[in-house]
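One structure below.
Protein chains in written order, with our numbering: chain A, 449 to 855; chain B, 230 to 651.
Structure follows, in structure tokens:
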């Protein structure tokens, strides 16, 4: 039965072998270093054809964007995959993280001049706080917002919860879009909090110690994003096997039973929202740095849906599965489909507009997944057991029907 | 059931891999010929969503022009490469795509200049990256960015914040929203005799900018501005909005924004509530030009439009290089370009070509041609816009400040009059 899987947490020390923690850290670290070394040293020394091939199929800017998606998908996985709370408005946290960066590392508040280990161009007004401190600020702010948004929604279940989160996901980007005239009802005057539809551009570059990353240090940007991702993975894996993670799983499987067993529903669910939101906030700051600014148009409903698709495709609840789902789908969205299309068209002499079939393909993938592999590409072992376990055999069904007739 | 699917998936994968190995070309298209160093110039336009046909027209016009000069600029051979700054998910330009394009422009070693972008917001992301390109920056010339802040003081910190190294690399061949809004306001006051006007904006950079310029000039011209409010593009209809406006008794509505933001519904509801466009005048900026859907809309007839430049029909009437190119365009593609910006795209490429011709073939050399010395001048006989174009080497702005007033009649945007502003 499924419960047998929970007897020992996966990080239990195994004699003569590395712990689970050490294994993932080495695996992820090796992959990240390999990518860094490839783009930093190996590719520049190879011939132009190989460089052109790699730069058209997997340019470093796309790798960096995929990392941002992955960080956010891991956060959504905590809410949806671990705690089983369907969240259709996760983009709100991504947006809040992005705007935290916009407020704290740009010239948005031009009548102030605050510089805390920041990296502004000489003489630039505004608030310029060090990137790493901004990450902490975004984490705190999004955690608070997660609790604030979560609190009134947690009395709701299933469809209703999804609808309310959807509402929040729509409201928050609208606030950013219209937040340039706060305190007035007319189209001018008031306090310019978000700079409206124009967004906040540009933001200061990332700093590593005394070193300021330039716009073309994408490999170092990748290293920073990989470090953020590693932190989020660490948090996910550790929480998953701890008391809180087990409480989330209990709520996901059966809320009523969990509450009867003494799991504090409200607190546990709020913790899921808060921790999930933190990852969204970190992803938001990373995204602002990646794009070089923050624009409200970037945060629409389709982002929430794409993130959800990443979680479902990868395997709800499984950190590694979600990572794979996020990397695959974000690559398809950013560059993959476009590149497949241009290659296909140039090979077969067609002129099909591949990127316009993006959502058709996402939909098809999801339908096929639901038909043939409901548990995702890399399913969580619990989910796999539950989904593969036949709930009632044919004979039992016939027996139950007969009983029903005779009753 | 599962086996055939797996087999099909595997076959598709192998086919794609084979195709990928066979051809590693990117989205580039172009033509080469002759000898000398080959340099790449690129376009950076939204190739998906509502602006798709406008972008394709622009690219086609540019290709025709480059054909006519045999893809040559001085001793250099040119290749045109097209970048897409939109995504299917967004259905329009996308910040992530713009950031990725900026990196790709710089990474492409032979690329020396970019023609674009179409949207000012996208330019604000790309310009700072291109300015910091190794070797002294990379030139961008836009045919359609009308937001003033990219080249002159507008919002706080603009335009200096787009040039972190303090060197200019961005020029444009079109005039800015402040002139367009002013011209529309002067036209409304002097020719239409409007007294009370209500402004609706789409809350975007462009809409707010052009709306603000209209409001400022209209007030100077003695028009009472009853309000300046944003319309929400996601609303199913705007009847309630226009009913509240009706109570104020306006004789003009100025819609500052782009047609893509549910402009069709807005125009329909304006007519439904306030009456047709002869009773209460409807005026829009160039964000409403070049859309066949609006041109054919019954409720749109009689609407006045301003265009920050000269319209295609004016350029044909004026004769010269522009008319010749448009004739060739019609002969090749069977119709006129769907946007008046297409010829401005060619004008931007003319600036780039002239800069390359006079340069040493490096990015810095090309940039120096535009922003060093006297800058770039395209003579009236060469210019596809039919008049001399001078790019100010200090700001990157163009000397020509032509505004055209158009009117939608018989399902066409007919040229009404030119409205030069100073």
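For glycine and all other residues, C-beta sits at the position ideal for the given N, C-alpha and C.
Asked	Found
For residue 556 (chain A), name the three-state secondary structure that DSSP assigns.	coil
Is it true that the CB of residue 664 (chain A) sits closer than 8 Å to the CB of residue 540 (chain A)?	no
Between which two residues does the beta strand (DSSP E) containing residue 536 (chain B) stretch?	533-536
Answer yes or no: do residue 519 (chain B) and residue 567 (chain B) have a C-beta to C-beta separation smaller than 8 Å?	yes
Per the contact definition of three or more C-beta pairs closer than 8 Å, is the region 738-753 of chain A in contact with the region 346-364 of chain B?	yes
Excluding five sequence neighbours on each side, which residues of the same chain lie with their C-beta closer than 7 Å to the C-beta of residue 446 (chain B)?	410, 411, 414, 415
For residue 606 (chain B), write down the residues that DSSP places opposite it in a beta bridge.	B:619
Taking the continuous alpha helix (DSSP H) assigned at residue 861 (chain A), which residues delimit it?	Residue 861 (chain A) is absent from the structure shown; chain A starts at 449 and stops at 855.
Jot down the residue ranges of each uninterrupted beta strand (DSSP E) in the region 569-596 of chain B, minimum 3 residues, whole runs only, in chain order.	none
Anything in chain B within Cβ reach of residue 703 (chain A), meaning under 8 Å, just list it in chain order.	Those within 8 Å of residue 703 (chain A) in chain B number zero; the least Cβ separation is about 34 Å.
Output, in chain order, the set of chain B residues within a Cβ distance shorter than 9 Å of residue 507 (chain A).	329, 332, 333, 336
Mind the definition here: the region 583-601 of chain A touches the region 713-733 of chain A only if three or more C-beta pairs lie below 8 Å; say whether that holds.	yes
Is the region 791-804 of chain A touching the region 531-551 of chain A, taking contact as three or more C-beta pairs under 8 Å?	no
Are the CB atoms of residue 787 (chain A) and residue 493 (chain A) within a distance shorter than 8 Å?	no
If residue 270 (chain B) and residue 342 (chain B) are in contact, beta carbons under 8 Å, what's the gap, nearest whole angstrom?	5 Å
Residues in its own chain within less than 6 Å of residue 781 (chain A) by CB, not counting five upstream and five downstream?	none
Less than 8 Å between the C-beta atoms of residue 369 (chain B) and residue 578 (chain B), yes or no?	no
Measure the alpha-carbon distance for residue 599 (chain B) versus residue 605 (chain B) and round it to whole angstroms.	5 Å
Given this structure, state the Cα-to-Cα distance separating residue 511 (chain B) from residue 491 (chain B), to the nearest angstrom.	16 Å
Using only the alpha-carbon positions, how far apart do residue 471 (chain B) and residue 496 (chain B) sit?	10 Å
Comparing the C-beta of residue 642 (chain B) with each C-beta of chain A, is any distance below 8 Å?	no
Over the uninterrupted beta strand (DSSP E) stretch that includes residue 457 (chain B), give me the two end residues.	453-459
Answer yes or no: does any C-beta atom of chain A fall closer than 8 Å to that of residue 353 (chain B)?	yes
Under three-state DSSP, which class holds residue 373 (chain B)?	coil
Among A:822, A:802, A:610, A:731, which has the Cα closest to the Cα of residue 585 (chain A)?	A:731
List the endpoints of the continuous beta strand (DSSP E) containing residue 493 (chain B).	Counting along the chain, residue 493 (chain B) falls outside any beta strand (DSSP E), though it belongs to the alpha helix (DSSP H) covering 492-503.
Nearest to residue 657 (chain A) by alpha carbon, out of A:484, A:807, A:566?	A:566
Relative to the alpha-carbon of residue 596 (chain A), which residue among A:577, A:620, A:502, A:576 has its alpha-carbon at the smallest distance?	A:620
Based on the DSSP secondary-structure assignment, which residues constitute the bridge partners of residue 636 (chain B)?	B:533, B:643
Less than 8 Å between the beta carbons of residue 733 (chain A) and residue 523 (chain A), yes or no?	no
Around the Cβ of residue 584 (chain B), are there at least 16 other Cβ atoms within 10 angstroms (buried) or fewer (exposed)?	buried
What residue ranges within the region 556-617 of chain A form continuous beta strand (DSSP E) runs of no fewer than 3 residues, ordered along the chain?	561-564, 574-577
Please check the pair residue 298 (chain B) and residue 582 (chain B), which I expect to be a contact at CB under 8 Å, by giving their CB distance rounded to whole angstroms.	7 Å
In this structure, what does DSSP give as the bridge partners for residue 306 (chain B)?	B:267, B:301
Looking at the structure shown, is residue 341 (chain B) part of a helix, part of a strand, or coil, going by DSSP?	strand
Taking beta-carbon pairs under 9 Å, can you tell me which members of the region 717-747 of chain A lie near chain B?	735, 738, 739, 740, 741, 742, 743, 745, 746
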